[in-house]
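Enquirer: Residues -18 to -1, 1 to 142, numbered by mature numbering (1 follows the signal peptide of the UniProt record, and there is no 0), are exactly what the sequence shown covers, in order. Don't be surprised by glycine CBs; every beta carbon is placed ideally from N, CA and C.
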Amino acid sequence: MKRITTIFCLFFVLSSFAQNENFKTFYQSNKDKAEVSLNIPSFFANMFISDEDTDEFGVFLKKSKNYKIMVFNNNTTSVEQDFKKFVRRNQLKTLVKVKDGKERVTVYFRQTKDRIKEIIVNVHDNSDELVLLGIKTNLTMDELSAIVEASTKNNNVAAN
């Protein structure tokens, strides 16, 4: 009985770790296929963001920890298939999906309990380029909603 309980506990622990795979693992396994792959700490990357954008995305920038950027110019089909498997396997939720002709942008997020731990942006254009941006963060849904709402308001004001 002890052996069965131990095996069951071990299986449970291993399966829970397998489900918590983050973009870092995808980044590590595919960075050799990328034309450009950058892993940038947020304190460094945030220095290059304009003051106008820091007002709108202040909470987001403060709670972001790391940016991983991958640019693929070829082999995008195999990488995109791997990424789709990654999204399904990790049950990422789609935040927004925009399509214009052959160009498309999809924003996914990974949530743990009541926190958004990661945001992943997938940009694919008609020239067969693929850009993936993984952002490690620690936002609540309310904070994310406020950021999206502020961005929408600012874009509507700029359009008028």
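In its own chain, which residues sit with a C-beta less than 7 Å from the C-beta of residue 4, not counting the 5 before and 5 after it?
Expert: For the purposes of this step, residue 4 is taken as the residue at position 22 of the sequence shown. If we look at residue 4 and ignore the five residues flanking it on each side, its Cβ neighbours are 92, 100.
Enquirer: Look up residue 70 in the DSSP assignment and give the residues it is bridged to.
Expert: As a first step, residue 70 must be located in the sequence shown, where it is residue number 88. Paired residue(s): none; residue 70 is not in a bridge.
Enquirer: Using the Cα positions of residue 53 and residue 64, report the straight-line distance between them to the nearest angstrom.
Expert: The residue labelled residue 53 in the question sits at position 71 within the sequence shown. The residue labelled residue 64 in the question sits at position 82 within the sequence shown. Using only the alpha carbons, I get a separation of about 15 Å.
Enquirer: Helix, strand or coil for residue 12, going by three-state DSSP, please let me know.
Expert: Residue 12 sits at position 30 when you count from the first residue of the sequence shown. DSSP places residue 12 in helix when its eight states are reduced to three.
Enquirer: Looking only at its own chain, which residues have a Cβ that is under 6 Å from the Cβ of residue 89, when we skip the five neighbours before and after it?
Expert: Indexing the sequence shown from 1 puts residue 89 at position 107. Excluding sequence neighbours, residue 89 sits near 77, 78, 103.
Enquirer: Whose C-alpha, out of 42, 84, 86, is nearest the C-alpha of residue 97?
Expert: Position 115 of the sequence shown, counted from the start, is the residue given in the question as residue 97. In this structure, 42 is the residue among 42, 84, 86 with its C-alpha nearest to the C-alpha of residue 97.
Enquirer: Mind checking who residue 82 pairs with in its DSSP beta bridge?
Expert: Against the sequence shown, residue 82 aligns to sequence position 100. Beta-bridge pairing links residue 82 to 85.
Enquirer: Please classify residue 94: is it buried, with 16 or more other beta-carbons within 10 angstroms of its beta-carbon, or exposed?
Expert: Here residue 94 refers to the residue found at position 112 when the sequence shown is read from its first residue. Under this definition residue 94 is an exposed residue.
Enquirer: Mind checking whether residue 85 and residue 107 have CB atoms under 7 Å apart?
Expert: Start at 1 with the first residue of the sequence shown, and residue 85 comes out as number 103. Start at 1 with the first residue of the sequence shown, and residue 107 comes out as number 125. With a cutoff of 7 Å on beta-carbon distance, residue 85 and residue 107 are scored as near each other.
Enquirer: Can you tell me which residues form a DSSP beta bridge with residue 76?
Expert: Position 94 of the sequence shown holds residue 76. Residue 76 has 90 as its beta-bridge partners, per DSSP.
Enquirer: Is it right to say residue 55 is buried, meaning 16 or more other beta carbons lie within 10 angstroms of its own, or is it exposed?
Expert: Working through the sequence shown from its first residue, we reach residue 55 at position 73. So residue 55 ends up on the exposed side.
Enquirer: Using three-state DSSP, classify residue 24 as helix, strand or coil.
Expert: What you label residue 24 is simply residue 42 of the sequence shown in a count that begins at 1. The answer is helix: DSSP assigns residue 24 an H, G or I state.
Enquirer: Residue 67: buried (16+ other C-beta within 10 angstroms of its C-beta) or exposed?
Expert: Taking the first residue of the sequence shown as 1, we reach residue 67 at position 85. Label assigned to residue 67: exposed.
Enquirer: Can you give the beta carbon distance from residue 61 to residue 112, rounded, assuming they're within the 8 Å contact cut?
Expert: Residue numbering aside, residue 61 sits at position 79 when the sequence shown is read from its first letter. Residue numbering aside, residue 112 sits at position 130 when the sequence shown is read from its first letter. That pair is a contact at about 6 Å.
Enquirer: What do you reckon, are the CB atoms on residue 44 and residue 120 nearer than 7 Å?
Expert: Along the sequence shown, read from residue 1 onward, the residue named residue 44 stands at position 62. Along the sequence shown, read from residue 1 onward, the residue named residue 120 stands at position 138. With respect to the 7 Å criterion, residue 44 and residue 120 are not classified as neighbours on the basis of their beta carbons.
Enquirer: Less than 7 Å between the C-beta atoms of residue 118 and residue 13, yes or no?
Expert: As a first step, residue 118 must be located in the sequence shown, where it is residue number 136. As a first step, residue 13 must be located in the sequence shown, where it is residue number 31. In this structure, residue 13 does not lie closer than 7 Å to residue 118 by Cβ.
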